[in-house]
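Trainee:
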Amino acid sequence: MDEAEQDIESPTPHPDRPGRVGGTRLGRRWARLTATAEAGMSTAEYAVGTVAACAFAAVLYRVVSGDSIVTGLTELVDAALATLS
4 MDEAEQDIES PTPHPDRPGR VGGTRLGRRW ARLTATAEAG MSTAEYAVGT
54 VAACAFAAVL YRVVSGDSIV TGLTELVDAA LATLS
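Numbers in the working numbering are just positions in the sequence shown, counted from 1, shifted up by 3.
1. So, helix, strand or coil for S88, using DSSP?
2. How big is the Cα-Cα spacing for L84 and A50?
3. Would a C-beta distance cut-off of 9 Å place I72 and V66 closer than the cut-off?
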């Protein structure tokens, strides 16, 4: 009999909750999942992250579309094209 069959066929009672089975594979897995810290983001955290990403994109757009950056990039592309020809 393998471990999965043994867990299903001979569950052990849960010590803290009479009538509950805590020794099955599912019970041990649930205990492991609930004992670990939460990972990922909730809906509110997604909203805050989205707003922050949009704000960063707006700032980045303003910087990149500024006259000095556009002029510098234009000169860089012109110099690269002049080197190739």
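The C-beta atom is built at its ideal place from N, Cα and C for all residues, glycine as well.
Mentor: Here's the rundown:
1. It is coil, neither helix nor strand.
2. Approximately 43 Å between the Cα atoms of the pair.
3. It is a contact, given that the beta carbons lie within the stated cut-off.
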